[in-house]
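Chains as they are written, first to last, in this note's numbering: chain A, 1 to 92; chain B, 1001 to 1392.
The beta carbon of each residue, even a glycine, is placed where N, CA and C say it ideally should be.
Report on one structure; see the data block that follows.
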Amino acid sequence: MYSEKVMDHFNHPRNMGEIENPSGVGTVGNAKCGDIMRIYLDVDEAGVIQDVKFKTFGCGAAVATSSMATELVKGKTVEGSSLTEVLFRMDV
Amino acid sequence: MNKRIYLDNAATTRVHEEVLQEMMPYFRENYANPSAIYSFAGEAKKAVGIARERAAVLIGAKPNEIYFTAGGSESDNWAIRAVAERLQEKGRHIITSRIEHHAVLHTCQYLEKRGYEVTYLDVDEEGKVSPEALEKAIRPDTILISVMAANNEIGTIEPVARIGEIAHERGVLFHTDAVQAYGHMPLHAEEMHIDLLSASGHKLNGPKGAGILYCRENVRLHPLIHGGAQERGRRAGTLNVPGIVGFGKAAALAGETLQERHAKEAALRDYLIDRVLAEIPYTRLNGHRQDRLSNNAHFCFRFIEGESLLILLDQRGICGSSGSACTSGALDPSHVLLAIGLPHEIAHGSLRLTLSEETTREELDGTVEALKEIVGRLREMSPLYEDFARKA
Chain A
1 MYSEKVMDHF
11 NHPRNMGEIE
21 NPSGVGTVGN
31 AKCGDIMRIY
41 LDVDEAGVIQ
51 DVKFKTFGCG
61 AAVATSSMAT
71 ELVKGKTVEG
81 SSLTEVLFRM
91 DV
Chain B
1001 MNKRIYLDNA
1011 ATTRVHEEVL
1021 QEMMPYFREN
1031 YANPSAIYSF
1041 AGEAKKAVGI
1051 ARERAAVLIG
1061 AKPNEIYFTA
1071 GGSESDNWAI
1081 RAVAERLQEK
1091 GRHIITSRIE
1101 HHAVLHTCQY
1111 LEKRGYEVTY
1121 LDVDEEGKVS
1131 PEALEKAIRP
1141 DTILISVMAA
1151 NNEIGTIEPV
1161 ARIGEIAHER
1171 GVLFHTDAVQ
1181 AYGHMPLHAE
1191 EMHIDLLSAS
1201 GHKLNGPKGA
1211 GILYCRENVR
1221 LHPLIHGGAQ
1231 ERGRRAGTLN
1241 VPGIVGFGKA
1251 AALAGETLQE
1261 RHAKEAALRD
1271 YLIDRVLAEI
1281 PYTRLNGHRQ
1291 DRLSNNAHFC
1301 FRFIEGESLL
1311 ILLDQRGICG
1321 SSGSACTSGA
1331 LDPSHVLLAI
1341 GLPHEIAHGS
1351 LRLTLSEETT
1361 REELDGTVEA
1371 LKEIVGRLRE
1381 MSPLYEDFAR
1391 KA
C-alpha cells in the first residue's frame, strides 16, 4: 500500500520524541480527520535548527512524513527554510 | 513472515472445504444452464432447488420465498428500491437507522434525491435502535422500515422481533439486512415478522458473489434486474449455479453447527474482550456487551489511530479492520462509531477483530501480546497521549 521509503520511516521513525526546554513547539492538524503532528525545535542563536523531535497521532503516511520532515529541517536555518516549505518540497 | 492470524471474518470468510467440494461439479461436469429444457440441465436445476430449500430452512421460510442474488449489497438495494417503487402511491417515507451498512444508507440517499423522505433513527451508546423511537417515527405515508439484524462493525444485535412486530401492527413492510446475522444467530422470518431479508454467502464460509433476498410470499416484489424469466421473473440473469450451490451448502452447514459454533466463538470472544480490556489501559469495548454477534470484538484504543495499528498488526501476520478515516477512504471515521456518540479522535482509534470457528485461543493470546506492544509503541509516539499524561 505504501512505498518502501514511507514504510521505512513508519517502522523506524527518525527523531521521534520530545525535547526538554525546547526553543519552540508547534502542533498542527486536528483530531476530526485523524492527524495531529507536534514538532519540538532546538534553535541556536544563529537561527540554525540544532535538534528536532516529533510526535504524531495519525496514519502510516502521517507518521512517515513527520519523520521525513525532521530529517529535512535538521541543520537548516529557521529563516528561509520554513517547515511548511520543507514539507511542500518533500518527495514522498 | 509470521503465521497468519485471520481476524477479519466480518469482511469475508474462508470457503468451507465441503462447500467447495459441493460446488466443483457445477463448473465442468454439470455446467448446463438450469433454465434449459434438455435433461442435461436437470442436475443443475435440481441442485438449485436443494440450495433454495437449504437457504430457506435456516430462517424458517419457504423455498419460493428465496431469490438468489449476487450478494448482500444487491439484496439490500433491491429490497428497498422495489418496495419504494411499488408503494409510492401509498407513501414515500422510509425509516432506517444511522448505523446501517452503506448498501442501505446509500440506497436511501438515492431515493431521497428522487422525492422520498427518509428518517434515520438514532441509536443508543451501545448501538441499539429504540423500538419506542421507531414507533413514534411511523407516519401514515411510511412504506418501509429497514433495520439491520446485527451491526457489521460493532456487532450489536438489534431488537428485530420487536421492530417487526411494530411494523406489522402499523401495516408497514419490514426489511432487515441480515448479512452479518444469517447463519450466525437464530433468525426466523415468520416469528420475527420479517417481510424482506438480505444475506450473503461469503460471510458464512460460502462463496463470494452469491446472496439471497428473502421476500415473504404475499409481498409483491418488482424486479431490479430485467431481462429474463429467472427467479420467477423477479431477477434476470443466468443462475450462478456453483455460487448458489455453495450458498446452499454453507447455509446447511451453518444451520447444523449454529449452536456449537456460537458457544465456542462467544467463549473465545469474551476471552479476547476480557484480556484486552484488562491488559491495555484506556481502551473501550464498542457495541453491546451481551447482545452482540458471537464472533465480534470491537475496541477503541485512546490516543492512537487505527490505520497505523492495522499496519503494525499486519507486520505480525494479524488481519483486522478499523473504522478510522484513512482505512475507510474518507475524512471522517466510521458513521457507526459517530452514531454511538464517540468523539472523532476516539473513533479513529478503532479496531474490529472478528473470529471464525477455526480461531484458536493461542491465536488470540498472540494477538493480545502484539496489541499490548503496538498500542504502547503508538502511544509513545502520540501527542494526544503526551498531553493526557501531562495532565494526569
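Checking contacts by CB at 8 Å: is residue i closer than that to chain B?
{"i": "V92/A", "result": "Bear in mind that the predicted position of V92/A carries a pLDDT of just 38, short of 50, making it too unreliable to give a figure here."}
{"i": "I36/A", "result": "yes"}
{"i": "V63/A", "result": "yes"}
{"i": "T27/A", "result": "yes"}
{"i": "P13/A", "result": "yes"}
Quick check on DSSP: helix, strand or coil for residue i?
{"i": "A1147/B", "result": "The sequence given here has Val at residue 1147/B, not Ala. DSSP places V1147/B in coil when its eight states are reduced to three."}
{"i": "A1047/B", "result": "helix"}
{"i": "A1297/B", "result": "strand"}
{"i": "D51/A", "result": "strand"}
{"i": "T1096/B", "result": "strand"}
{"i": "R1014/B", "result": "coil"}
{"i": "N11/A", "result": "helix"}
{"i": "R1220/B", "result": "coil"}
{"i": "Y1385/B", "result": "helix"}
{"i": "H1106/B", "result": "helix"}
{"i": "L1378/B", "result": "helix"}
{"i": "G1366/B", "result": "helix"}
{"i": "G1211/B", "result": "strand"}
{"i": "S973/B", "result": "Not covered by the structure: residue 973/B. The range shown for chain B is 1001 to 1392."}
{"i": "L1058/B", "result": "coil"}
{"i": "H1335/B", "result": "helix"}
{"i": "E1117/B", "result": "strand"}
{"i": "M1185/B", "result": "strand"}
{"i": "M90/A", "result": "Confidence is the limiting factor: at M90/A the pLDDT is only 49, short of 50, which leaves the residue's position unreliable, though a coordinate-based value still follows. Looking at M90/A - three-state DSSP - the assignment turns out to be coil, as it is neither helix nor strand."}
{"i": "Y1006/B", "result": "strand"}
{"i": "A1199/B", "result": "strand"}
Applying a beta-carbon distance threshold of less than 9 Å, which residues of chain A neighbour residue i?
{"i": "L1213/B", "result": "Under the 9 Å cutoff, chain A gives no residues; its nearest Cβ is about 34 Å from L1213/B."}
{"i": "I1318/B", "result": "The contacting residues do not exist; I1318/B stays about 16 Å from chain A at best."}
Can you find a C-beta in chain A that's less than 8 Å from the C-beta of residue i?
{"i": "E1307/B", "result": "yes"}
{"i": "S1324/B", "result": "yes"}
{"i": "P1333/B", "result": "yes"}
{"i": "K1303/B", "result": "Residue 1303/B is actually Phe in this sequence, not Lys. So yes, F1303/B belongs to the interface."}
{"i": "I1311/B", "result": "yes"}
{"i": "H1016/B", "result": "no"}
{"i": "H1175/B", "result": "no"}
{"i": "H1348/B", "result": "yes"}
{"i": "A1011/B", "result": "no"}
Between residue i and residue j, is the Cβ-Cβ spacing less than 8 Å?
{"i": "G17/A", "j": "K76/A", "result": "no"}
{"i": "S1146/B", "j": "V1123/B", "result": "no"}
{"i": "V1368/B", "j": "F1301/B", "result": "no"}
{"i": "Y1214/B", "j": "A1061/B", "result": "yes"}
{"i": "L1007/B", "j": "T1354/B", "result": "yes"}
{"i": "V1104/B", "j": "G1246/B", "result": "no"}
{"i": "T1013/B", "j": "L1204/B", "result": "yes"}
{"i": "G1164/B", "j": "H1193/B", "result": "yes"}
{"i": "A1411/B", "j": "I1066/B", "result": "Since the first residue of chain B shown is 1001 and the last is 1392, residue 1411/B is not available in this structure."}
{"i": "A46/A", "j": "F10/A", "result": "no"}
{"i": "V1015/B", "j": "G1206/B", "result": "yes"}
{"i": "G1072/B", "j": "I1340/B", "result": "no"}
{"i": "S1294/B", "j": "S1198/B", "result": "no"}
{"i": "I1318/B", "j": "I1099/B", "result": "no"}
{"i": "L1221/B", "j": "I1059/B", "result": "no"}
{"i": "T27/A", "j": "I36/A", "result": "yes"}
{"i": "V1172/B", "j": "I1225/B", "result": "no"}
{"i": "S1350/B", "j": "K55/A", "result": "no"}
{"i": "A1161/B", "j": "E1191/B", "result": "yes"}
{"i": "I1143/B", "j": "L1196/B", "result": "no"}
So which residues of chain A does residue i contact, with C-beta pairs closer than 7 Å?
{"i": "E1345/B", "result": "A31"}
{"i": "Y1148/B", "result": "Going by the sequence as given, residue 1148/B is Met instead of Tyr. Here the premise fails: no neighbours, minimum Cβ distance about 26 Å."}
{"i": "F1299/B", "result": "In chain order: nothing, as chain A lies at least about 16 Å away."}
Name the chain B residues that come within less than 8 Å of residue i, Cβ to Cβ?
{"i": "G75/A", "result": "Ordered by position in chain B, no residue passes the 8 Å Cβ test against G75/A, which lies about 23 Å from the chain."}
Could you tell me which chain B residues have their CB closer than 7 Å to the CB of residue i, listed as they occur along the chain?
{"i": "M16/A", "result": "M1381"}
Inset, instruction - Pull out every residue of the segment 1365 to 1392 of chain B whose Cβ sits closer than 7 Å to any Cβ of chain A, in chain order. - result: M1381, S1382, P1383, L1384, E1386
Inset, instruction - Please name the residues in the segment 43 to 60 of chain A whose beta-carbon is closer than 8 Å to at least one beta-carbon of chain B, in chain order. - result: K55, T56, F57, G58, C59, G60
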